[in-house]
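Taking it in order: structure first as structure tokens, then the write-up.
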Ligand SMILES: [Zn+2]
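Residue numbers (our numbering): 255 to 556.
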């Protein structure tokens, strides 16, 4: 009896330390995070910190933010924006539902920002998050998009025509590409990881063919002067996007013929179909070549 109690007490202590230390680690990461703004056009900035790259449009009439990273970073993000404009954030567009792009929604919503997103973003956020212990954490109402749309939405602020265009089944099932028409700037959300292999969330309706299609849509909107904000990675040009497109198209084709030849996932991974491109990407900050093969294989086998 005593022994069992001791074991249970030890287990409880280990659990408390483990559960306690994980958020502490995450918290210190957030404390170390620096929010930096890089101007990409007149009144338009790419803002980086931890998580998905943000886009900012400022001007006389409004402050519009694309994505908002993690909740513990909101104060820092607000401070960085206050260094650029006197207007608080009035509009937010979520490019998709992932927490490193929507984590600040509740804070900004409570500060009065109007949040917009694709229909699927709201329906996924509404269902909350399931923790490792199976507990479902439902969102506060302020964290949810108020305006949702299915195909496209146009914002007319800061002398810009800003179009949010839904791309089907790409990184998730609710992705939006944002095009600043006059400024010739595009924010691609996580349909584009610059200089790295793209992670695709198959469980949230993502598919390799949608990621390729999203690149084609943005390429058609681009010229050599276009500045492209990727979901992750440095600010990009049309050439960067073209290279990303060509890479994943070539790897997809290679894997398609290997599947047709009856090869298993393990055989395909061992054959390294990404090898010609591995030196073009930084796998240390995103998914590995093996994981890329796994994602494409599973997309094509669905
Ligand atoms: Zn994402």
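Note that CB positions come from ideal geometry on N, CA and C, so glycine has one too. Everything numeric in this text was worked out from a predicted model, so none of it was measured.
Check your understanding: Going by beta carbon distance, what residues of the same chain come within less than 8 Å of residue 505, once the five residues before and after it are set aside?
Key -> On the chain shown, residue 505 is found 251 positions in, with the first residue counted as 1. Contacts found: 527, 528, 531, 546, 547 and 550.
**Study point:** Three-state secondary structure (DSSP) of residue 498
**Key:** Numbered from its first residue, the chain shown carries residue 498 at position 244. In this structure, residue 498 counts as helix in the three-state DSSP scheme.
Practice item. Pull up the CB-CB distance for residue 484 and residue 307, whole angstroms please, since I reckon it's below 8 Å. Key: As a position in the chain shown, residue 484 is number 230, starting the count at 1. As a position in the chain shown, residue 307 is number 53, starting the count at 1. About 6 Å separates the two Cβ atoms, so the contact holds.
Practice item. Out of 456, 385, 488 and 495, point me to the one whose CA is closest to residue 471's CA. Key: On the chain shown, residue 471 is found 217 positions in, with the first residue counted as 1. Nearest of 456, 385, 488 and 495 to residue 471, Cα basis: 495.
Exercise for review: Give a yes or no on contact between the segment 385-392 and the segment 411-423, applying the rule of three or more CB pairs nearer than 8 Å.
Suggested key: no
**Study point:** residue 415 to residue 284 span [Cα, whole Å]
**Key:** Translated into the one-based positions of the chain shown, residue 415 becomes position 161. Translated into the one-based positions of the chain shown, residue 284 becomes position 30. Between residue 415 and residue 284, the C-alpha separation is close to 34 Å.
Review point. Start and end of the alpha helix (DSSP H) containing residue 546?
Key: As a first step, residue 546 is located in the chain shown; it is residue number 292 there, counting from the start. Run containing residue 546: 543-555, per the alpha helix (DSSP H) assignment.
Point to revise | Close Cβ partners of residue 293 (< 6 Å) along its chain, the five nearest in sequence each way excluded | key: Numbered from its first residue, the chain shown carries residue 293 at position 39. Only 299 meet the Cβ criterion.
Practice item. Could you tell me which residues DSSP puts in a beta bridge with residue 441? Key: Your numbering for residue 441 matches position 187 in the chain shown. Looking at the DSSP assignment, residue 441 forms a beta bridge with 432 and 483.
Exercise for review: With residue 291 as the anchor, note down where its beta strand (DSSP E) starts and where it stops.
Suggested key: What you label residue 291 is simply residue 37 of the chain shown in a count that begins at 1. First-last of the beta strand (DSSP E) with residue 291: 290-295.
Exercise for review: Name, in chain order, the residues that DSSP records as bridge partners for residue 449.
Suggested key: Translated into positions along the chain shown, residue 449 becomes position 195. The secondary-structure analysis by DSSP pairs residue 449 with nothing; it has no beta-bridge partner.
Check your understanding: Whose CA, out of 381, 322, 466 and 357, lies closest to the CA of residue 301?
Key -> In the chain shown, counting from the first residue as 1, residue 301 sits at position 47. The shortest C-alpha separation from residue 301 is found at 322.
Practice item. Give a single yes or no on whether residue 463 has its beta carbon closer than 6 Å to a heavy atom of ligand 1. Key: Your numbering for residue 463 matches position 209 in the chain shown. Not so, every heavy atom of ligand 1 lies at least 6 Å from the Cβ.
Check your understanding: Taking buried to mean at least 16 other C-beta atoms within 10 Å of its own C-beta, is residue 401 buried or exposed?
Key -> Residue numbering aside, residue 401 sits at position 147 when the chain shown is read from its first letter. Exposed, by the Cβ-count rule.
Review point. Okay, do the segment 432-441 and the segment 509-522 touch, 3+ Cβ pairs below 8 Å being the bar?
Key: no
Review point. Does the separation of the CB atoms of residue 456 and residue 552 fall below 7 Å?
Key: Here residue 456 corresponds to residue number 202 of the chain shown, with the count starting at 1. Here residue 552 corresponds to residue number 298 of the chain shown, with the count starting at 1. A contact, by the Cβ cut-off of 7 Å.
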